[in-house]
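Working notes, beginning with the structure itself.
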C-alpha cells in the first residue's frame with residue numbers, strides 16, 4: 001500500500017460523511033478557531049474591532065490601522081520626494097542617467113523580507129526605533145515607481161514642443177516649469193497610486209520581524225501565534241481596504257488637479 005492510500009481513504013471517508021450528514025457543512029461555519037474562517041466570521045470580527053471598540057483601544061482595528069498608516073504616509077512622502085528629485089537629476093544630468101538609474105533598478109531586486117530585518121536591527125542598534133525605521137522600508141518600496149514614472153513623464157514632451165520653447169528663447173528652468181512638469185502630471189499620479197500601495201506593504205512588512213505590538217502586521221502576528229485566524233484575516237482585509245481608500249483619495253486629487261490644468265483625468 002502506497003503512503004497516499006491512507007490519505008485517499010481518509011478523504012473518501014470524509015466525503016462520504018458529508019454526503020450522509022449535510023448538516024456538517026453548516027457546522028463548518030460556526031467553528032471557533034477554523035483553519036480557514038468563513039466570510040461572515042471575518043466580517044463579524046471586522047465589525048466588532050472597528051465599530052464596537054474605542055479607537056484608542058489596542059483591540060480596535062482603527063487603532064492598528066492608524067499606526068500602520070502613519071508609517072505609510074511618512075515613508076510615502078519620503079519616497080516620493082526622493083523619487084522626484086532623482087527623476088529630475090536623471091533627466092537633466094546625463095551622468096546621473098547612466099549611473100543612478102541602473103542602481104535604482106538593481107535596488108528593487110533585493111527581497112524586502114530580507115532587507116527589512118537588517119534595516120530595523122541596524123537602526124535599533126543605534127537607538128532609532130518606532131516610526132522612522134518602518135517609514136524607511138515604506139520609502140524604499142515607494143520611491144522606485146515614482147522615479148520611473150516621473151522620468152517617463154519629464155521626457156514625454158516631443159521634439160516639436162521643445163523646439164518651440166527654444167524659439168521663444170526659454171531656458172531650461174522655464175522649460176521645466178512650463179512644459180516638462182505639467183506634461184509629467186498624469187505619469188506622476190499613476191506612479192503615486194502604485195507607490196502608496198507599496199508603501200503600505202512596506203510598513204506592514206517592517207512590523208513583522210520586530211514583533212511589533214501595534215499595526216496591521218502586529219495583528220497578523222497575534223492571529224498566527226495564538227491560533228486566531230479571524231484576527232489575521234480581519235487585519236488582512238483591513239489593510240486591503242486602507243490601500244483602496246488611499247488610492248481612491250489620490251485618484252480624486254488627480255482628477256481635480258488635471259481638471260484645473262485643463263488636461264482631463266487619465267483612465
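Residue numbers (full-length UniProt numbering): 1 to 267. Ideal placement from N, C-alpha and C gives every residue a C-beta, glycine not left out.
- CA-CA distance, residue 141 to residue 158, rounds to 30 Å.
- The alpha carbon of residue 192 has as its nearest neighbour, out of 135, 128, 83, the alpha carbon of 83.
- Contact between residue 217 and residue 188 is ruled out by a C-beta separation of about 29 Å, above the 8 Å threshold.
- Note on geometry: alpha-carbon atoms of residue 46 and residue 219 lie some 12 Å from one another.
- Counting of Cβ neighbours within 10 angstroms places residue 78 among the buried residues, the total reaching 16 or more.
- Per DSSP, the unbroken alpha helix (DSSP H) holding residue 181 starts and ends at 181-207.
- Under the DSSP assignment, residue 176 falls outside any alpha helix (DSSP H); it carries neither an H nor an E label.
- Sequence-distant partners of residue 152 (beyond 5 residues in either direction) whose C-beta falls short of 7 Å from its own C-beta, in its chain, are 187.
- As for any alpha helix (DSSP H) of minimum length 4 sitting wholly inside the region 216-262, the runs are 216-225, 229-260, ordered along the chain.
- Separation of the CB atoms of residue 195 and residue 145 is rounded to 5 Å, and the pair is thereby assigned contact status at 8 Å.
- Rounded to the nearest whole angstrom, the C-alpha separation of residue 132 and residue 81 is 16 Å.
- Here the alpha carbons of residue 51 and residue 98 stand approximately 53 Å from one another.
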